[in-house]
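Residues 6 to 106 in the numbering used here are what the sequence shown lists, from first letter to last.
Even glycine gets a Cβ: it sits at the ideal position worked out from N, Cα and C.
All values reported here derive from a predicted model rather than from experimental measurement.
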Amino acid sequence: RRIFIGAQGINALGVMESDALVIQSEQKLVRQAEELIVMVDSSKFAKRSSLILCSLEKVSTIITDDAISDEAAAMVTDAGVKLITVKPMASAAREDTSSVA
Numbered sequence: 006r007r008i009f010i011g012a013q014g015i016n017a018l019g020v021m022e023s024d025a026l027v028i029q030s031e032q033k034l035v036r037q038a039e040e041l042i043v044m045v046d047s048s049k050f051a052k053r054s055s056l057i058l059c060s061l062e063k064v065s066t067i068i069t070d071d072a073i074s075d076e077a078a079a080m081v082t083d084a085g086v087k088l089i090t091v092k093p094m095a096s097a098a099r100e101d102t103s104s105v106a
């Protein structure tokens with residue numbers, strides 16, 4: 006089973022949330038998952054929260070935008086987590102319209 010989740014923040018301690026009820030329900034899902042994929046925008050690597058959902062070791066993949074800092078990217082890959090960066094659609098759309106003249 007594969008589970009996709011978002012998060013309030015991510016750092017070396019793990020995946021963080023700010024709501025205890027979210028933590029409670031997502032921990033049940035994480036326990037059942039064979040693969041945990043976290044989808045967050047790059048700003049989440051600068052945010053902290055008081056509640057940790059799980060350690061980075063439990064995460065198989067993080068998907069984020071291409072504005073992730075080199076430091077945050079190194080933290081993810083050093084933890085053995087696969088990192089996928091994507092270009093946000095809004096940026097891609099702006100570039101497409103600006104090149105048409």
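- Here Glu39 carries a coil assignment [DSSP, helix/strand/coil].
- With a cut-off of 8 Å on Cβ pairs, the segment 86-93 is in contact with the segment 53-71, counting three or more such pairs.
- Ile28 sits in a helix when the DSSP states are folded into three classes.
- Approximately 14 Å separates the beta-carbon atoms of Val35 and Ile15; this is outside 8 Å, ruling out the contact.
- Ser48 is classed as exposed because its beta carbon has fewer than 16 other beta carbons within 10 Å across all chains shown.
- The straight-line gap separating the alpha-carbon atoms of Lys33 and Gly19 is approximately 17 Å.
- Around the beta carbon of Leu41, 16 or more other beta carbons sit within 10 angstroms, so the residue counts as buried.
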